[in-house]
Amino acid sequence: MKTLRARISGRVQGVWYRGWTVETARRLGLEGWVRNRADGSVEALFHGPDSSVEAMIELCRRGPPAARVDRIECEASPPPEGGGFQQRPTA
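This is the structure:
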C-alpha cells in the first residue's frame, strides 16, 4: 500500500478538478481526500495499492478536459484516517 500527498498547480480551480478527482479516485478504489488551496492549487491525499496510486497521479497530470496542469509535486504521507474518498473545504 502507498500513500502520497500531491499538490497540483495550473488551471485547476473552477474547472471541476476536485469533482473529477473524487470520481476517479473512487473508481480506482482509493481512500483519501482532495481540496482547493487558497493559492489556487489543488491538494490531494491518495492511499491504496501502489499501482492504483501511481495510476491516479498519471491521470491527475491530465485532469478533466477544462484543466491545464502545469506541475504536480508528490511526497510520501501517513495514511488517511477513516475510509472512502472525500472532497474537503478549501484550506
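Going by our numbering, the sequence shown opens with residue 835, and the numbers climb by one from there. We put the CB at the ideal spot given by N, CA and C, even for glycine.
Counting every other CB atom within 10 Å of its CB across the protein chains shown gives A901 a total of 16 or more, marking it as buried. An exposed status is given to A872, since fewer than 16 other beta-carbon atoms sit within 10 Å of its beta-carbon.
Of the residues assessed, A925 falls on the exposed side of the cut-off, its CB having fewer than 16 other CB atoms within 10 angstroms. Going by beta carbons, G853 and L864 fall outside the 7 Å limit.
Residue V887 holds the alpha-carbon nearest to the alpha-carbon of T855 among M835, V887 and A910.
The straight-line gap separating the alpha-carbon atoms of R869 and A840 is approximately 11 Å.
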